[in-house]
Amino acid sequence: MKILVIGAGNMGLTYAEGMSKSKLLKKRNIMVLDTSEEKLEELRENPQFDAFDDLKNCAPQADIIFIAVKPYHAESVFLKLNPLVKPGQIMISIMAGVTIDTIKQLTGLTKIVRAMPNLPAQIGKGLTSFVASEDVTRIELLTIESLLDTTGKSILVSDENFIDASTGISGSGPAYVFYFMQSMMEAALKMGFTPSVSKVLVAQTFTGAIELFNQNELSPNSWMDKVASKGGTTRAALDSMENNNVGELIKEAAFAAFERAVELGKEKVNV
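Residues 2 to 272 (our numbering) are what the sequence shown spells out, left to right.
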């Protein structure tokens with residue numbers, strides 16, 4: 002099995018490096034294409050990859066084509082791929098908003114997987130939601146899941162709408178966490194802690210809370226009840242958040258990302 006990754010940006014390279022460790026692939030069975038000469042030089046130094054700058058030299062050889070370019074480049078890349086691809090090839094796209102139907106129409110392929118990863122994939126802690134067209138077989142789905150799992154965990158969803166929805170939760174979600182962390186660090190600084198101590202206070206608090214959540218069946222609300230006692234410090238903080246409608250604002254933010262993912266599919270590629 003040979004895989005072609007188109008686009009050696011952060012996520013493309015993350016998946017290329019993750020998949021290079023898969024037992025499903027032999028050495029140098031990953032081809033990576035990029036247009037940046039600087040990036041190509043970097044790729045050529047990596048013994049795991051074969052680097053390319055022209056689709057004609059790599060696309061026909063691939064069993065799986067992994068598209069990791071920005072959505073506004075989608076149409077031009079797909080039109081270049083169209084005369085080069087062959088029936089049976091599988092295309093995996095991680096472009097926000099670009100639908101399976103659009104990919105089918107522009108490439109001529111029928112085996113399409115649309116996936117939504119997130120940033121922690123860079124350290125093997127990512128979450129990738131994915132959905133496949135009907136022509137992708139069960140065995141092929143298992144192979145794809147194994148490849149996506151090399152960067153963390155993957156979830157097969159039943160409907161393409163869940164890919165846009167997962168953009169609003171897991172895809173964009175790390176930024177929400179960082180936003181909350183930044184605010185807590187700024188509060189710590191205002192209380193007199195040094196920047197280094199503020200970082201440790203906040204980072205370890207998040208790490209510990211996540212581990213507690215993952216190792217138990219309790220809901221976040223149940224954990225809040227365990228931490229907060231009536232008239233106590235935690236209750237004062239939670240009451241402040243409730244009074245300022247923080248919970249609803251977070252939900253609105255997630256829906257804003259979801260709606261933007263849907264808009265991207267309509268704006269960037271129209272066929």
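We put the beta carbon where it would ideally sit given N, CA and C, even for glycine.
Please report the distance separating the alpha-carbon of Asn271 from that of Ala97.
The count along the sequence shown starts at 1 and reaches residue 271 at position 270. The count along the sequence shown starts at 1 and reaches residue 97 at position 96. Low confidence applies here, because Asn271 scores a pLDDT of 46, under 50, leaving its location unreliable; read the following figure in that light. Cα-Cα distance, rounded: 14 Å.
Do Ala116 and Ile101 have their beta-carbon atoms positioned less than 8 Å apart in this structure?
Sequence index remark: in the sequence shown, residue 101 carries index 100 (1-based). Sequence index remark: in the sequence shown, residue 116 carries index 115 (1-based). Their beta carbons are not under 8 Å apart, which means Ile101 does not touch Ala116 by this criterion.
Can you tell me whether Gly10 is helix, strand or coil according to DSSP?
Translated into the one-based positions of the sequence shown, residue 10 becomes position 9. Three-state result, Gly10: coil.
Counting along the chain, where does the beta strand (DSSP E) carrying Ser130 start and finish?
Position 129 of the sequence shown, counted from the start, is the residue given in the question as residue 130. Residues 127-133.
Extract the residue ranges of the alpha helix (DSSP H) inside the segment 56-143, only unbroken runs of 4 or more that lie entirely within it.
75-82, 101-108
Roughly how many whole angstroms lie between the Cα atoms of Leu250 and Val203?
Counting from 1 along the sequence shown, the entry for residue 250 is found at position 249. Counting from 1 along the sequence shown, the entry for residue 203 is found at position 202. Going by the C-alpha atoms only, they are around 22 Å apart.
Three-way DSSP call (helix, strand, coil) for Lys24 in this model:
Position 23 of the sequence shown, counting from 1, holds the residue named residue 24. Lys24 falls in the coil class under three-state DSSP.
Buried or exposed by the 16-neighbour rule on C-beta atoms within 10 Å, applied to Pro221
Position 220 of the sequence shown, counting from 1, holds the residue named residue 221. Result: exposed.
Any idea what DSSP makes of Ser173, helix, strand or coil?
Along the sequence shown, one-based indexing puts residue 173 at 172. Of the three classes helix, strand and coil, the one that applies to Ser173 here is coil, per DSSP.
Among residues of its own chain, excluding the 5 on either side of Pro121, which ones have a beta-carbon nearer than 8 Å to its beta-carbon?
Residue 121 sits at position 120 when you count from the first residue of the sequence shown. Only Gly127, Leu128, Gly153, Pro175 meet the Cβ criterion.
Classification of Leu80 by the beta-carbon crowding that lies within 10 angstroms, buried from 16 upward:
Stepping through the sequence shown from its first residue, residue 80 is reached at position 79. So Leu80 ends up on the exposed side.
In its own chain, which residues sit with a C-beta less than 6 Å from the C-beta of Ala229, not counting the 5 before and 5 after it?
Numbered from 1 along the sequence shown, position 228 holds the residue referred to as residue 229. Only Thr235, Arg236, Leu239 meet the Cβ criterion.
Quick one: residues in its chain with C-beta nearer than 6 Å to the C-beta of Gly8, no 5 flanking neighbours on either side, listed in chain order?
Taking the sequence shown and counting its residues from 1, the one referred to as residue 8 is at position 7. These residues qualify, in order along the chain: Ala69, Val70.
Residue range of the alpha helix (DSSP H) that Ala238 falls in?
Taking the first residue of the sequence shown as position 1, residue 238 is located at position 237. First-last of the alpha helix (DSSP H) with Ala238: 234-244.
Going by DSSP in three states, Asn271 sits in which element: helix, strand or coil?
Residue numbering aside, residue 271 sits at position 270 when the sequence shown is read from its first letter. Model confidence at Asn271 stands at a pLDDT of 46, short of 50, so the residue's coordinates are unreliable and nothing is read from them.
Count the C-beta pairs between the segment 57-65 and the segment 83-93 that are closer than 8 Å, then say yes if the count reaches three, no if not.
yes
Beta strand (DSSP E) segment containing Met32, residue limits:
Residue numbering aside, residue 32 sits at position 31 when the sequence shown is read from its first letter. From DSSP, the beta strand (DSSP E) with Met32 extends over 31-34.
Do Val158 and Val132 have their C-beta atoms within less than 8 Å of each other?
Walking along the sequence shown from the start, residue 158 turns up at place 157. Walking along the sequence shown from the start, residue 132 turns up at place 131. Yes; because the gap between Cβ atoms is below 8 Å, this pair is in contact.
Going by DSSP, what residue range makes up the beta strand (DSSP E) through Asp51?
Sequence index remark: in the sequence shown, residue 51 carries index 50 (1-based). Where Asp51 is concerned, the enclosing beta strand (DSSP E) stretches over 50-53.
Measure from the alpha carbon of Ser197 to the alpha carbon of each residue in Gln183, Ala210, Gly209, then state which is nearest.
Within the sequence shown, numbered from 1, the residue matching residue 197 stands at position 196. Measuring from the Cα of Ser197, the nearest candidate turns out to be Gln183.
For Gly19, the three-state DSSP class (helix, strand or coil)
Numbered from 1 along the sequence shown, position 18 holds the residue referred to as residue 19. In the structure shown, Gly19 sits in a helix (DSSP, three-state: H, G or I).
Assuming Leu5 and Met32 are in contact, meaning their beta carbons sit under 8 Å apart, how far apart are those beta carbons, in whole angstroms?
Start at 1 with the first residue of the sequence shown, and residue 5 comes out as number 4. Start at 1 with the first residue of the sequence shown, and residue 32 comes out as number 31. Contact holds; Cβ gap of about 5 Å.
Anyone know if the C-beta pair for Thr108 and Val86 falls short of 8 Å?
Within the sequence shown, numbered from 1, the residue matching residue 108 stands at position 107. Within the sequence shown, numbered from 1, the residue matching residue 86 stands at position 85. Yes, the pair counts as a contact, with Cβ atoms nearer than the cut-off.
Just confirm the distance between the C-beta atoms of Arg29 and Asp55, as a whole number of angstroms; I'd bet it's less than 8 Å.
Your numbering for residue 29 matches position 28 in the sequence shown. Your numbering for residue 55 matches position 54 in the sequence shown. Contact flag wrong, Cβ pair sits at about 18 Å.
Based on Cα-Cα distance, which residue from His74, Ser147, Lys200, Gly10 lies nearest to Lys40?
The residue you call residue 40 lines up with position 39 of the sequence shown. For the residues His74, Ser147, Lys200, Gly10, the minimum Cα distance to Lys40 belongs to Gly10.
Using C-beta distances below 8 Å, list every residue in its chain close to Ser171, excluding the 5 sequence neighbours before and after it, in chain order.
Locating residue 171 in the sequence shown gives position 170, counting from the first residue. Closer than 8 Å at the Cβ level, and outside the excluded window around Ser171, lie Met117, Asn119, Leu128, Ser130.
In angstroms with no decimal places, state the Cα-to-Cα distance between Leu143 and Asp160.
Looking up residue 143 in the sequence shown gives position 142. Looking up residue 160 in the sequence shown gives position 159. Leu143 and Asp160: Cα-Cα distance of roughly 17 Å.
Is Leu5 helix, strand or coil by DSSP?
Indexing the sequence shown from 1 puts residue 5 at position 4. Of the three classes helix, strand and coil, the one that applies to Leu5 here is strand, per DSSP.
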